[in-house]
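Working notes for the structure below.
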Ligand code: SF4
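Structure below.
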């Protein structure tokens with residue numbers, strides 16, 4: 002079958018002989034971009050209420066959250082195995098001893114076959130990476146970095162509190178240790194039009210990343226971005242525009258880069274715009290149809 006892009010579903014199925022499901026875990030971390038170490042405002046689009054599904058609550062231990070996550074997913078697939086996804090806030094923002102305890106607590110559950118750690122590129126130390134390299138020999142491990150943009154001007158505007166160079170270094174050091182390395186970017190950030198995104202695509206593709214998540218810009222209630230949007234509305238992509246841009250973007254991405262997602266879905270009551278009303282798989286179907294109709298493939302421009 003012809004492959005239009007290197008999809009995460011096929012990739013993860015190739016890694017395990019059984020079905021796996023991610024369980025989001027909120028281990029109660031903070032974020033240096035919110036607690037004052039870097040800033041108190043956070044990234045202008047950030048609202049951590051959008052991070053967590055209902056079973057996930059930092060008041061509960063990691064063990065309990067995993068048990069409840071398993072009960073939630075296991076009803077449908079009793080033989081399912083799980084990957085603990087440390088997702089909310091910055092999941093490497095604590096002393097290494099505390100981090101080890103929390104990650105290892107997740108792995109104590111016999112149905113947990115791996116962990117994914119979402120974090121900022123400025124919250125990773127050599128000491129932690131050395132421990133993660135050792136952990137990587139014992140379990141399936143992904144470290145996922147918020148990159149968001151390859152443009153320092155945009156990173157300043159969205160108050161990320163780190164540069165693109167910082168992302169490059171963290172990704173390189175993680176990759177050098179043989180750890181599967183993921184990245185997250187947003188298309189449609191304020192100040193970035195389609196041409197700017199397409200300028201950045203080869204730069205993102207040149208990073209030693211294994212997995213990429215691409216998200217559309219969303220304006221969420223209660224954020225600094227929502228205030229900016231109310232004062233001076235800026236253009237947010239229609240679904241048609243975003244499909245066209247995503248299709249053009251992936252032409253610049255290495256064929257071996259695994260593409261995990263193209264959209265995120267903030268809870269409808271928190272989302273101000275854009276209101277596409279599409280589930281993840283519905284968007285992927287629309288994108289697939291577009292790719293087929295226009296004979297577009299990931300990496301075609303690099304050939
Ligand atoms: S780094 Fe993540 S958790 Fe911290 S403010 Fe930005 S989006 Fe929010």
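Residue numbers (our numbering): 2 to 304.
For every residue, glycine included, the Cβ atom is placed at its ideal position computed from N, Cα and C.
All values derive from a computational prediction rather than experimental measurement.
query = Would the beta-carbon of residue 32 be found less than 7 Å away from any heavy atom of the ligand SF4?
reply = The sequence position of residue 32 within the chain shown is 31, counting from 1. Within the cutoff, so yes.
message = I'd like the span of the beta strand (DSSP E) that includes residue 224, first residue to last.
response = Counting from 1 along the chain shown, the entry for residue 224 is found at position 223. First-last for residue 224: undefined, no H or E at that position.
task = Mark residue 122 as exposed unless 16 or more other C-beta atoms lie within 10 angstroms of its C-beta, in which case mark it buried.
result = Within the chain shown, the letter at position 121 stands for residue 122. Residue environment: residue 122 is assigned as buried (16 or more neighbouring CB atoms within 10 Å of its CB, all protein chains considered).
inquiry  = Measuring straight from C-alpha to C-alpha, what distance separates residue 291 and residue 5?
reply    = For this step, residue 291 is matched to residue 290 along the chain shown. For this step, residue 5 is matched to residue 4 along the chain shown. Distance between residue 291 and residue 5, taken at the CA atoms: about 10 Å.
query = When DSSP builds the beta bridges, which residues end up paired with residue 155?
reply = As a working note, residue 155 is residue 154 in the chain shown. Answer is none; residue 155 lacks a bridge partner.
inquiry  = Less than 7 Å separating the Cβ of residue 90 from some heavy atom of the ligand SF4?
reply    = The residue given as residue 90 occupies position 89 in the chain shown. Result yes, Cβ under 7 Å from the ligand SF4.
query = Are at least three pairs of beta-carbons, each pair with one atom in the region 103-119 and one in the region 149-159, less than 8 Å apart?
reply = Touching, no.
key: Cβ distance (whole Å) where residue 273 is taken to contact residue 222 below 8 Å   = Along the chain shown, one-based indexing puts residue 273 at 272. Along the chain shown, one-based indexing puts residue 222 at 221. Yes, they are in contact, since the Cβ atoms of residue 273 and residue 222 sit about 6 Å apart, within 8 Å.
query = What are the complete beta strand (DSSP E) segments, minimum 3 residues, inside the region 207-287?
reply = Runs of the beta strand (DSSP E) inside the region 207-287: 212-217, 259-262, 272-274.
inquiry  = So within the region 42-115, which uninterrupted beta strand (DSSP E) runs reach at least 3 residues, ignoring any that extend past its ends?
reply    = Listed in chain order, the complete beta strand (DSSP E) runs (minimum 3 residues) inside the region 42-115 are 82-87.
Beta-carbon spacing of residue 152, residue 177 below 8 Å = Locating residue 152 in the chain shown gives position 151, where the first residue counts as 1. Locating residue 177 in the chain shown gives position 176, where the first residue counts as 1. No. Outside cutoff.
task = Select from 39, 47, 41 the residue whose C-alpha is nearest the C-alpha of residue 271.
result = Here residue 271 corresponds to residue number 270 of the chain shown, with the count starting at 1. Here the closest residue by C-alpha is 47.
ask   = Can you find a heavy atom of the ligand SF4 that lies under 7 Å from the Cβ of residue 312?
value = This structure does not reach residue 312, given that the chain is present from 2 up to 304, and the question cannot be answered.
query = To the nearest whole angstrom, what separates the beta carbons of residue 91 and residue 32, a pair I think is in contact under 8 Å?
reply = Numbered from 1 along the chain shown, position 90 holds the residue referred to as residue 91. Numbered from 1 along the chain shown, position 31 holds the residue referred to as residue 32. Confirmed, about 4 Å.
request  = Starting from residue 134, trace the alpha helix (DSSP H) both ways and give me its first and last residue.
outcome  = To locate residue 134, count along the chain shown from 1; it is residue 133. Residue range 127-139 is occupied by the alpha helix (DSSP H) that includes residue 134.
ask   = Got a sec: does the ligand SF4 put a non-hydrogen atom nearer than 7 Å to the Cβ of residue 35?
value = Counting from 1 along the chain shown, the entry for residue 35 is found at position 34. Residue 35 has its CB nearer than 7 Å to a heavy atom of the ligand SF4.
query = Cα separation between residue 263 and residue 282?
reply = Taking the first residue of the chain shown as position 1, residue 263 is located at position 262. Taking the first residue of the chain shown as position 1, residue 282 is located at position 281. Each residue's alpha carbon lies about 10 Å from the other.
query = Which same chain residues, not among the five before or five after residue 134, have their C-beta less than 6 Å away from its C-beta?
reply = For this step, residue 134 is matched to residue 133 along the chain shown. So the qualifying residues of the chain are 178.
inquiry  = Is it buried or exposed, residue 127, if we count other Cβ atoms within 10 angstroms and call 16 or more buried?
reply    = Locating residue 127 in the chain shown gives position 126, where the first residue counts as 1. Per the 10 Å Cβ criterion, exposed.
task = Could you tell me whether any non-hydrogen atom of the ligand SF4 is closer than 7 Å to the CB of residue 38?
result = Looking up residue 38 in the chain shown gives position 37. Outside the cutoff, so no.
message = Assuming residue 23 is part of the beta strand (DSSP E), what are its boundary residues?
response = Counted from its first residue, the chain shown places residue 23 at position 22. Here the beta strand (DSSP E) through residue 23 covers 21-26.
request  = Kindly indicate which residue of 166, 278, 129, 212 has the alpha-carbon position closest to the one of residue 239.
outcome  = In the chain shown, residue 239 corresponds to position 238, counting from 1. Nearest neighbour of residue 239 by Cα position, chosen from 166, 278, 129, 212, turns out to be 278.
ask   = Is any heavy atom of the ligand SF4 found at a distance shorter than 7 Å from the C-beta of residue 167?
value = As a working note, residue 167 is residue 166 in the chain shown. The answer is no for residue 167.
request  = Over the uninterrupted alpha helix (DSSP H) stretch that includes residue 185, give me the two end residues.
outcome  = Working through the chain shown from its first residue, we reach residue 185 at position 184. Boundaries for residue 185: no alpha helix (DSSP H) harbours it, while the beta strand (DSSP E) harbouring it runs 181-188, taken from the DSSP string.
inquiry  = For a test of the three-state rule: what should DSSP assign to residue 192, helix, strand or coil?
reply    = Position 191 of the chain shown, counted from the first residue, corresponds to residue 192. In the three-state scheme derived from DSSP, where H, G and I count as helix and E and B as strand, residue 192 is classed as coil.
request  = Answer yes or no: the CB of residue 278 versus the heavy atoms of the ligand SF4, is any distance below 7 Å?
outcome  = To locate residue 278, count along the chain shown from 1; it is residue 277. No, Cβ of residue 278 sits at least 7 Å from all heavy atoms of the ligand SF4.
ask   = residue 300: which of 231, 207, 44 sits nearest, CA to CA?
value = Locating residue 300 in the chain shown gives position 299, counting from the first residue. Considering only alpha carbons, the answer is 207.
query = If we count the other Cβ atoms within 10 Å of its Cβ and call it buried at 16 or more, is residue 10 buried or exposed?
reply = Taking the first residue of the chain shown as 1, we reach residue 10 at position 9. Exposure of residue 10 is indicated by the presence of fewer than 16 other C-beta atoms within 10 angstroms of its C-beta.
inquiry  = Do residue 66 and residue 26 count as a contact pair if the criterion is CB distance below 8 Å?
reply    = Along the chain shown, one-based indexing puts residue 26 at 25. Along the chain shown, one-based indexing puts residue 66 at 65. Cβ distance < 8 Å, so residue 26 and residue 66 count as in contact.
key: Endpoints, alpha helix (DSSP H) assigned at residue 13   = Here residue 13 corresponds to residue number 12 of the chain shown, with the count starting at 1. Taken as a continuous stretch (DSSP letters only), the alpha helix (DSSP H) holding residue 13 covers 9-16.
request  = Compute every distance between the C-beta of residue 222 and the non-hydrogen atoms of the ligand SF4, then say whether any falls below 7 Å.
outcome  = For the purposes of this step, residue 222 is identified with residue 221 of the chain shown, where counting begins at 1. The answer is no for residue 222.
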